[in-house]
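The listed protein sequences correspond, in order, to chains A and B. Per the UniProt record's numbering, the very first residue in the first sequence carries number 1; after that it's consecutive. Per the UniProt record's numbering, the very first residue in the second sequence carries number 1; after that it's consecutive. Backbone N, C-alpha and C fix where the C-beta goes; we use that ideal spot for every residue, glycine too. One structure below.
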Amino acid sequence: MRRVAQGPIAWRSELWGSPLRALATVLLLGLLAWAGFHAFEWGVVHAVFRPDADACRAVQHGACWGVVAEKWRPMLFGRFPYEEQWRPALAVVVLSAVTVLSAWPRSWRWWLVPLWLVALLLFVGLMHGGVAGMSTVPTSRWGGLPLTIGLAVVGLALAFPLALLLAMGRRSEWPVVRTLSASYIELVRGVPLISVLFMASFLLPLLWPAGWQPDVLVRVLMGLTLFVAAYLAEIIRGGLQAVPRGQTEVAMALGFGRWPVQRDIVLPQALRLVVPALTNSVVGTLKDTSLVTVVGLFELTGALGLALGGDPVWRPFYLEGYLFVAAVYWLLCFGLSRYSVWLERRLGASSA
Amino acid sequence: MSGQASRRGAWLAWLVQALLVLAVVAGAAWVVNHALEVLRARGVRSGFDFLTEPAGFSISEGWLDFDASQPSWRAFLAGLINTVRAAVPAAIFAVVLGTLIGIGRLAPHVLLRGICTAYVELLRNVPLLVQLLMLAFAMANLLPDPTEPVHLLPGVWLSKGGLSVPWPVTGEGGWWPTHFEWPERGDFGVSGGAALSPEYVTIVAGLSLYSAAFVAEIVRAGILSVSQGQVLAGQALGLSSVQQLRIVILPQALRVIVPSLTNQLLSLTKNSSLAVAVGYPELVSVANTTIGSNGRAFECIAIIMAVYLLLSLVISFGMNRYNARVALRGWR
């Protein structure tokens, strides 16, 4: 049952090879045709594409894509001032460009680190303003896609060094370090992200001196970072375990010190082994950012409520809005998971 | 010389570790002390004494009746029972559906394979919260009113008011269910059987459909891990393809499947906390309401975390026992 053949000739035998298969083919084709017909009728034939609320209300069995045509800007950029929305758009382009560049194994060089720092500075500068003649936009008005991507990217970037320490700590020869790292990882992995976010939004304010309250965005970012680090740590630990012990012994015999062995020999191999798993974790983190809606940040999911919730004219067409938001997430996550598959093949081919 | 150096190294190691323990303990003590001070300065009481005081809110559904005059600990218990009430059926549906889709992804039929692949790729690449909110919106707005329910299957009715299904009932004074009660359609909606609220249907359906996509991938990887020779041997013995799957492939695939499935069940349980976003009164929702009424954020979040850690331990323990049964002998 595993001999998955390929190509049109194999398909023909799969589809019509025996009476049972032919029956299954007819039934499935019927099902697909029925579902496809209804989806096409609802989504295209009877749908309204113009931003025209009256036309949307008049149509009975069709989608109202007009809601996307009318509201795409608040859906993508939240409450960011309307005239200034080129700034979040540009910020998203900057982060995406650097991400795409770093996705290419040939550019894995030391200059990626300063490049990322510059990109993050540009991102914050564009979003926050107050420099180069741009007006200041408080973080409470940030929202939509830039917030989703920004939270995921910055959260992952901050979590990575912490995860590295935790992973190496869990393999340490020192029992205290080992126990502390393992307890942290297991504790965080045992609780839902939502409780960590509640903690960040309700409890962190208690720890700061009165009068200086860190922004809710900063607190949520801290919670997300602490959460993601535990998961990344386990992935990295898997990679560290997969590097043969002989590598360390040979390097020590050659006179390498303890840290240079880790830095120059073990870590590069370990990280290379787990790059696909790390990419999957990136997809998970991107999806998890949607939970910050629950503590009152308006990223992509929250921005939809903001765009439609307060508007009685367009409120009935939430479903189309959700489909649009789901499509944006899907494109990002599917792209990343395809990349992960491609990378796995490429790394596998080059190390073989 | 080298003995001395290594002895000095050992001393240094213990010194560093002792300092680390001190730093962690001191840090934790400072955090707790400072938080308590801030709370006191703001006039907020702290401690778990609120658990025995009346909750001040009621819980609309669940197996444990709860009203506003009862103590808070009962609210948390009702929330925990509601979490289990949603997570267990969702886990069962997810495993069954996921196994079928996982097998379907390797089926020798291109259309079936394509449909199963499309399911997995569509559902696992959209955040669960978005799917839940979408389902909740569809339940509340796109379904017909309770007075005109849709008849899905014999005895199963669906409307804005929720889902009605047949349910076993016990006879007079007995423990064991004697017969099924079938929901019937009346003038004011459906009565009888089990009436499941729209929120409950949303969270169970959303969790199972989303998790099934991940279970399918785990099952597929497990089946692919069984060596091709085993399949050929099964064919040589004249087993039908269903027999091959049931007798030869799945028992061996389980060894690869069960550990990953454990992870998936743990994440399903934790994901059930998202029910707070669609209004189903489970543990996190109860805690959130309690924080809103008395401001005891630290205590309530501590309860959430402790309960989820406990649930995780129970699931891990159960699944590890099961894993020991399916694992090869001597390979625990």
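How would you label residue i, buried or exposed, when you count the other beta carbons within 10 angstroms and need 16 or more for buried?
i: residue 83/A; result: exposed
i: residue 14/A; result: buried
i: residue 178/B; result: exposed
i: residue 228/B; result: exposed
i: residue 317/B; result: exposed
i: residue 288/B; result: buried
i: residue 288/A; result: buried
i: residue 213/B; result: buried
i: residue 206/B; result: buried
i: residue 141/B; result: exposed
i: residue 52/B; result: exposed
i: residue 31/A; result: exposed
i: residue 1/B; result: Note that residue 1/B scores a pLDDT of 43, beneath 50, so its modelled location is shaky; the value from the coordinates is reported in the next line. Label assigned to residue 1/B: exposed.
i: residue 105/B; result: buried
i: residue 60/A; result: exposed
i: residue 134/B; result: buried
i: residue 170/B; result: exposed
i: residue 173/A; result: exposed
i: residue 243/B; result: exposed
Can you find the residues in the same chain that come closer than 6 Å, C-beta to C-beta, to residue i, ignoring five residues on each side of it along the sequence?
i: residue 279/B; result: 199
i: residue 297/B; result: 291
i: residue 222/B; result: 253, 256, 257
Short check: CB of residue i to CB of residue j, under 8 Å?
i: residue 218/B; j: residue 252/B; result: no
i: residue 315/B; j: residue 272/B; result: no
i: residue 137/A; j: residue 77/A; result: no
i: residue 323/A; j: residue 71/A; result: no
i: residue 166/B; j: residue 193/B; result: yes
i: residue 149/B; j: residue 157/B; result: yes
i: residue 215/B; j: residue 95/B; result: yes
i: residue 16/A; j: residue 25/A; result: yes
i: residue 334/A; j: residue 299/B; result: no
i: residue 228/A; j: residue 75/A; result: no
Do you know how far the Cα of residue j is from the Cα of residue i?
i: residue 1/A; j: residue 338/A; result: For residue 1/A, the pLDDT reaches just 47, beneath the cut-off of 50, and the residue's location in the model is therefore unreliable, although a value from the coordinates is still provided. So the two alpha carbons sit approximately 25 Å from each other.
i: residue 153/B; j: residue 182/B; result: 12 Å
i: residue 197/B; j: residue 53/A; result: 32 Å
i: residue 69/B; j: residue 218/A; result: 39 Å
i: residue 130/B; j: residue 177/A; result: 39 Å
i: residue 131/A; j: residue 184/A; result: 40 Å
i: residue 133/A; j: residue 315/A; result: 37 Å
i: residue 285/A; j: residue 291/A; result: 10 Å
i: residue 184/B; j: residue 225/A; result: 52 Å
i: residue 175/B; j: residue 171/A; result: 53 Å
i: residue 127/A; j: residue 135/A; result: 10 Å
i: residue 285/B; j: residue 282/A; result: 28 Å
i: residue 254/A; j: residue 265/A; result: 12 Å
i: residue 36/B; j: residue 27/B; result: 14 Å
i: residue 195/B; j: residue 161/B; result: 9 Å
i: residue 220/B; j: residue 123/B; result: 16 Å
i: residue 259/A; j: residue 88/A; result: 41 Å
i: residue 293/A; j: residue 222/A; result: 16 Å
i: residue 226/B; j: residue 254/B; result: 10 Å
i: residue 37/A; j: residue 187/B; result: 35 Å
i: residue 436/A; j: residue 63/A; result: Any answer about residue 436/A is impossible in this case: the structure gives chain A only from 1 up to 352.
i: residue 179/A; j: residue 23/B; result: 15 Å
i: residue 164/A; j: residue 155/A; result: 14 Å
i: residue 146/A; j: residue 250/A; result: 47 Å
What residue range does the beta strand (DSSP E) around residue i cover?
i: residue 185/B; result: 184–186
i: residue 52/B; result: That residue, residue 52/B, is in no beta strand (DSSP E); it is neither H nor E in DSSP.
i: residue 177/B; result: 177–181
i: residue 383/A; result: It is not possible to answer for residue 383/A, since the shown part of chain A is limited to 1 through 352.
i: residue 170/B; result: 167–170
Note the first and the last residue of the continuous alpha helix (DSSP H) segment covering residue i.
i: residue 199/B; result: 198–225
i: residue 109/B; result: Looking at the DSSP string, residue 109/B is not in any alpha helix (DSSP H), and its letter there is neither H nor E.
i: residue 151/B; result: No alpha helix (DSSP H) contains residue 151/B, which is instead part of the beta strand (DSSP E) from 150–153.
i: residue 279/A; result: 267–288
i: residue 72/A; result: 66–77
Answer yes or no: does any C-beta atom of chain E fall closer than 8 Å to that of residue i?
i: residue 317/B; result: Of the protein chains in this structure, namely A and B, none is chain E.
With respect to 7 Å, is the separation between the Cβ of residue i and the closest non-hydrogen atom of the ligand FMN below this value?
i: residue 19/A; result: Because no ligand of any kind appears in the structure shown, any question about the ligand FMN cannot be addressed here.
Leaving out five residues on either side along the sequence, give the residues of the same chain with a beta carbon under 7 Å from the beta carbon of residue i.
i: residue 274/A; result: 235, 236, 238, 239
i: residue 56/B; result: 68, 293
i: residue 119/A; result: 94, 95, 98
Which residues in the same chain as residue i place their Cβ atom closer than 8 Å to its Cβ, once the five residues preceding and following it in sequence are excluded?
i: residue 81/B; result: 62, 63, 64
i: residue 295/A; result: 197, 198, 200, 201, 216, 220
i: residue 116/A; result: 98, 102, 157
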